[in-house]
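Respectively, the protein sequence lines represent chains A and B.
Going by our numbering, the first sequence opens with residue 162, and the numbers climb by one from there.
Going by our numbering, the second sequence opens with residue -8, and the numbers climb by one from there.
Glycine residues also receive a C-beta, built at the ideal position from the N, C-alpha and C atoms.
For reference, the structure discussed in these notes is given below.
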Amino acid sequence: MIMDLALKQINTLPTPTWNRLGINYRNLETKDLSFAPYSGEPLSALPDGVSVSVLPFPKPELETGMGESAEDFVRSNQTYGLSLRVAAGVKASEPVKLDFCLNGENPTLADAVDITAEENSELTVVMSYRSEGDFAQFHGGLTRLYAAKGAVIHLVQVQLLGESCTHFDNVGAFAEEGGKIDVIQAEVGGKTALSGVKTRLDGEKSSLVMDTIYFGDGSRSIDMNYVAEHYGRKTNSEIHVTGALLHESEKTFRGTIDFKRGSKRAVGHESEYNLLFSPKVRNKTAPLILCAEEDVDGRHGASTGKIGENTLFYLMSRGLSELEAKKLLIEAQFRPVTDRIPDESLRTAVMEYVQGRLSGLESMG
Amino acid sequence: MERKKAAVQDIDRTIYDIKDKVNAAYQVEGGLTPEIVSEISDQKNDPDWMREFRQKSLKIYNSMENPNWGPSLEGLNMDNIVTYIRPNTPMRGNWAQVPEDIKNTFERLGIPQAEQKSLAGVGAQYDSEVVYHNVREEVKRQGVVYTDMESAIHDPTYGPMVREHFMKLVPPTDHKFVALHGAVWSGGSFVYVPPHVKVEIPLQSYFRLNAPGAGQFEHTLIILGEGADLHFIEGCSAPKYNVANLHAGCVELYVAKNARLRYSTIENWSKNMYNLNTKRALVEEGGTIEWVSGSFGSHVSYLYPMSILKGENSRMEFTGITFAGKGQNLDTGAKVVHAAPHTYSNINTKSISKDGGVCTYRSSVEVLPQAYGCRSAVNCESLMLDDISRSDTIPVMDIRNDDVEIGHEAKIGRISDEAIFYLMSRGISEEDAKAMIVTGFAEPIAKELPVEYAVEMNNLIKLEMEGAIG
Chain A
162 MIMDLALKQI NTLPTPTWNR LGINYRNLET KDLSFAPYSG EPLSALPDGV SVSVLPFPKP
222 ELETGMGESA EDFVRSNQTY GLSLRVAAGV KASEPVKLDF CLNGENPTLA DAVDITAEEN
282 SELTVVMSYR SEGDFAQFHG GLTRLYAAKG AVIHLVQVQL LGESCTHFDN VGAFAEEGGK
342 IDVIQAEVGG KTALSGVKTR LDGEKSSLVM DTIYFGDGSR SIDMNYVAEH YGRKTNSEIH
402 VTGALLHESE KTFRGTIDFK RGSKRAVGHE SEYNLLFSPK VRNKTAPLIL CAEEDVDGRH
462 GASTGKIGEN TLFYLMSRGL SELEAKKLLI EAQFRPVTDR IPDESLRTAV MEYVQGRLSG
522 LESMG
Chain B
-8 MERKKAAVQD IDRTIYDIKD KVNAAYQVEG GLTPEIVSEI SDQKNDPDWM REFRQKSLKI
52 YNSMENPNWG PSLEGLNMDN IVTYIRPNTP MRGNWAQVPE DIKNTFERLG IPQAEQKSLA
112 GVGAQYDSEV VYHNVREEVK RQGVVYTDME SAIHDPTYGP MVREHFMKLV PPTDHKFVAL
172 HGAVWSGGSF VYVPPHVKVE IPLQSYFRLN APGAGQFEHT LIILGEGADL HFIEGCSAPK
232 YNVANLHAGC VELYVAKNAR LRYSTIENWS KNMYNLNTKR ALVEEGGTIE WVSGSFGSHV
292 SYLYPMSILK GENSRMEFTG ITFAGKGQNL DTGAKVVHAA PHTYSNINTK SISKDGGVCT
352 YRSSVEVLPQ AYGCRSAVNC ESLMLDDISR SDTIPVMDIR NDDVEIGHEA KIGRISDEAI
412 FYLMSRGISE EDAKAMIVTG FAEPIAKELP VEYAVEMNNL IKLEMEGAIG
């Protein structure tokens, strides 16, 4: 069946502000999509102690970063589904890899993946999305994470889709006492890329570390909504976003640290570093701190601008052209995050993808 | 043993809360109809253009919705608000001629003393009309015009200037409550400073709303000529009633090439007031607007002075402090549009919330495509004094070119243990260290105000330090 995607008010800012700024939410429309079961096998192997679960997800009501309509869309059109569970006390030695490839056979993908880490377990899940061929494609993903007491989930999502692809990653996460959620997202491909991550730090000393890199060239549009909700005492969140905008690309970042009453001694830090390379880019940022608890430490810092002249001068004095120097600096900016991707081939793939895009450029503007 | 807490006292409102008997010469019915707006026009002998403007604004008001963001306005019912109350006195230029009851009110608030000490001129508004206006001779001799808005509109020289600028910078279509202002405005001040004139000491307007259930809708229009320099201070207060009052004033500031305007406000409305004020400045090449803003009173505030940096090398500095206690929801901040190259903005705000009070810092920094070489720095800091209060920070940046340096820093939390430890390691007692930190929190704002106002502000935030904070 051919259908249209029309998602209203997704990636909603938890507390709205002036409508004229156009940052309170985002709508997403794509025409003529058809969905059929994914014919590939993205899952290569399961490490010991990790199973494809038949048990229901422990928090079915968990909220996601993009919101209900994006969740419902994936559920109604799901082409791939998986529920992973790591047993109590097991620290999986290898990551679980889910490698999706969109091509003529699978032009669209709507995947729903649930990940449950039982008490004191640890699991890494690496999800990657790539394209073959250049035709209109769509990916919409729903990923839910549940870290029980003392459990650790590392989630890596790498999006290297083609230039005409519409893509969204919709994530909801929940952490019990001492549970840790660690998310790396590389939003470097696609024509329109949206990402939403909402994490509920429910138990005492639970934590979130979130690192995102984004790369906008051409007329790419990137839209992010990250929310860290602190409910438990001594909870900790770190949200760090780094990216570069070239040509006529645009990016919207919404980042919210939400200290609920009772989250005493919680700490939430958020930082954003944007490099801009063209007078035609558009960079929108809304970093929120919502606070109903006195005994917390919430901070946000953002800096946006050009590469410093001294840095450029230094590199150019070493014989690099201005364009080469800028390309090098973009790569360097992504390194600290890509180096944390636990799969070497994927790590290389991300850098090669960025390098490939950069190498074709004759100018940044 | 129970951990003792330091307390920040509520604002002592004794002098602000003394009510005068309502002794109006004239007032319209409550509510808002074309007839009431027409009645205001009749009372004020509006020229035709203003009559039409008011009716057009009313239509816009009726076509618009309340904001779908920000604090609730549910308790505000326009059917119960009296939009025009004329006090029982004409405007005086001699303080002795102001009626006793009104004079006493302003004297309690210290307005005549302030004028005697250091002000170049004072306008005092009581309910809907300015009751007293005086400008020092030496300022008049410089060609400075400081008068009430009604006189300015009817003035053969300045009337056309008012018409040219009135609600052009803040059009009635901007939002619902500025449309309301356009329909029912009365009172306020007009200031014109000729080119290259530097007014050495501040001009001041003080707005006092006395009648229960009333609205105050004063309009302030300030026009600075090229290279002119002015400090304008406005103060506002009202006694507390058990019905909602509304303040929906409008401030339009035109800062010409290389001119500098400092606009300082201490808002100390009572806790039944809805303060929905709109302030905007247009700054030409090389000009500077400096906002100093203290928001202490009101039940609900929506207050975000906006600066449009239209000319190359124009600048904006915003320094603000907000203090919300019990029953208060104060949504404050600043907006800036960088519309020209090499413009600069700096926003520095602090807020304190206690006893269930809600402080929200809300801002927007927009850099338009043509505004290359811009710099903007935003720094906001919030202090929470208990866990029944709220403090939210909602800043937005929208950058549309690459030749910019934009920095933003926000911090929310309690007083840092490290700071206390540092001071204690220098031999200061724990209590004194905490007192110093809380007092010092407001210091950057206080030092920007003339000394009389700094004293008033410090009186508004009285600290009672006893044991630990938090």
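Cross-chain neighbours of residue i in chain B, by beta carbon under 7 Å
{"i": "F296 (chain A)", "result": "Correct list: empty, because the minimum Cβ distance to chain B is about 32 Å."}
{"i": "N444 (chain A)", "result": "I390"}
{"i": "R422 (chain A)", "result": "D378"}
Contact list for residue i against chain A, beta-carbon separation under 7 Å
{"i": "N392 (chain B)", "result": "P440"}
{"i": "L376 (chain B)", "result": "E455"}
{"i": "R353 (chain B)", "result": "T178"}
{"i": "P360 (chain B)", "result": "P440"}
Chain A residues whose Cβ lies nearer than 8 Å to that of residue i
{"i": "D383 (chain B)", "result": "T176, L449, I450, L451 and C452"}
{"i": "N59 (chain B)", "result": "P177 and N180"}
{"i": "V387 (chain B)", "result": "T178, W179, L182, I184, K445, T446 and A447"}
Three-state secondary structure assigned by DSSP to residue i
{"i": "W176 (chain B)", "result": "coil"}
{"i": "M(-8) (chain B)", "result": "Because the pLDDT at M(-8) (chain B) is just 40, under 50, the model does not fix this residue reliably, and the point stays unresolved."}
{"i": "E65 (chain B)", "result": "coil"}
{"i": "N180 (chain A)", "result": "helix"}
{"i": "M41 (chain B)", "result": "helix"}
{"i": "G201 (chain A)", "result": "coil"}
{"i": "D139 (chain B)", "result": "strand"}
{"i": "M55 (chain B)", "result": "coil"}
{"i": "A368 (chain B)", "result": "strand"}
{"i": "A325 (chain B)", "result": "strand"}
{"i": "A(-3) (chain B)", "result": "Its pLDDT being 49, under 50, A(-3) (chain B) is placed unreliably in this model, and the value from its coordinates should be taken loosely. The answer is coil: DSSP assigns A(-3) (chain B) none of H, G, I, E or B."}
{"i": "G231 (chain A)", "result": "The sequence given here places Ala at residue 231 (chain A); Gly does not occur at that position. If DSSP states are grouped into helix, strand and coil, A231 (chain A) belongs with the helices."}
{"i": "E433 (chain A)", "result": "strand"}
{"i": "Y375 (chain A)", "result": "strand"}
{"i": "I428 (chain B)", "result": "helix"}
{"i": "M525 (chain A)", "result": "coil"}
{"i": "H401 (chain A)", "result": "strand"}
Check whether residue i and residue j have beta carbons under 7 Å apart
{"i": "S205 (chain A)", "j": "K252 (chain A)", "result": "no"}
{"i": "G346 (chain A)", "j": "T373 (chain A)", "result": "A small correction: the amino acid at residue 346 (chain A) is Gln; Gly does not occupy that position in the sequence shown. A contact, by the Cβ cut-off of 7 Å."}
{"i": "G226 (chain B)", "j": "I257 (chain B)", "result": "yes"}
{"i": "G204 (chain B)", "j": "N71 (chain B)", "result": "yes"}
{"i": "T313 (chain B)", "j": "S342 (chain B)", "result": "yes"}
{"i": "N188 (chain A)", "j": "L174 (chain A)", "result": "no"}
{"i": "E321 (chain A)", "j": "R291 (chain A)", "result": "At residue 321 (chain A) the sequence reads Leu, which differs from the Glu that was named. For L321 (chain A) and R291 (chain A), yes; Cβs fall inside 7 Å."}
{"i": "F168 (chain B)", "j": "A143 (chain B)", "result": "no"}
{"i": "E454 (chain A)", "j": "D377 (chain B)", "result": "no"}
{"i": "L359 (chain B)", "j": "R405 (chain B)", "result": "no"}
{"i": "I51 (chain B)", "j": "A170 (chain B)", "result": "yes"}
{"i": "T334 (chain B)", "j": "S305 (chain B)", "result": "yes"}
{"i": "D419 (chain A)", "j": "L369 (chain A)", "result": "no"}
{"i": "P221 (chain A)", "j": "Y307 (chain A)", "result": "no"}
Cβ distance (whole Å) where residue i is taken to contact residue j below 8 Å
{"i": "V356 (chain B)", "j": "S382 (chain B)", "result": "So it is not a contact: roughly 20 Å between Cβ atoms."}
{"i": "R45 (chain B)", "j": "V19 (chain B)", "result": "Contact flag wrong, Cβ pair sits at about 13 Å."}
{"i": "V317 (chain A)", "j": "S282 (chain A)", "result": "Not a contact, Cβ separation roughly 17 Å."}
{"i": "H391 (chain A)", "j": "S398 (chain A)", "result": "7 Å"}
{"i": "E474 (chain B)", "j": "G178 (chain B)", "result": "Summary: the structure shown does not reach residue 474 (chain B), with chain B confined to residues -8 through 461, and so no result is reported for it."}
{"i": "M477 (chain A)", "j": "E483 (chain A)", "result": "6 Å"}
{"i": "V395 (chain B)", "j": "T465 (chain A)", "result": "6 Å"}
{"i": "S356 (chain A)", "j": "M385 (chain A)", "result": "5 Å"}
{"i": "E411 (chain A)", "j": "R443 (chain A)", "result": "4 Å"}
{"i": "G318 (chain B)", "j": "Y352 (chain B)", "result": "That pair is no contact at about 19 Å."}
Neighbouring residues, chain A, relative to residue i (Cβ below 9 Å)
{"i": "G364 (chain B)", "result": "By Cβ distance, chain A contributes nothing, its closest Cβ being about 10 Å from G364 (chain B), past 9 Å."}
Interface partners of residue i on chain B, CB under 9 Å
{"i": "K467 (chain A)", "result": "D393, D394, V395 and E396"}
{"i": "R460 (chain A)", "result": "E400, A401, K402, I403 and G404"}
{"i": "S464 (chain A)", "result": "E396, I397, G398 and H399"}
{"i": "R187 (chain A)", "result": "The premise fails here: R187 (chain A) is roughly 14 Å from chain B at the closest Cβ pair, so nothing lies under 9 Å."}
Legend entry - Members of the stretch 400 to 419 of chain B near chain A, C-beta cut-off 7 Å: E400, A401, K402, I403, G404 and R405
Inset, instruction - Give, in chain order, every residue of the stretch 380 to 394 of chain A whose Cβ lies closer than 9 Å to some Cβ of chain B. - result: The residues in question: there are none.
Legend entry - the stretch 426 to 438 of chain A: positions lying closer than 7 Å to chain B by Cβ: L437 and F438
Inset, instruction - May I ask you to list, following chain order, the residues of the stretch 405 to 420 of chain A that have a beta carbon less than 7 Å from some beta carbon of chain B? - result: Result list empty, no residue passes.
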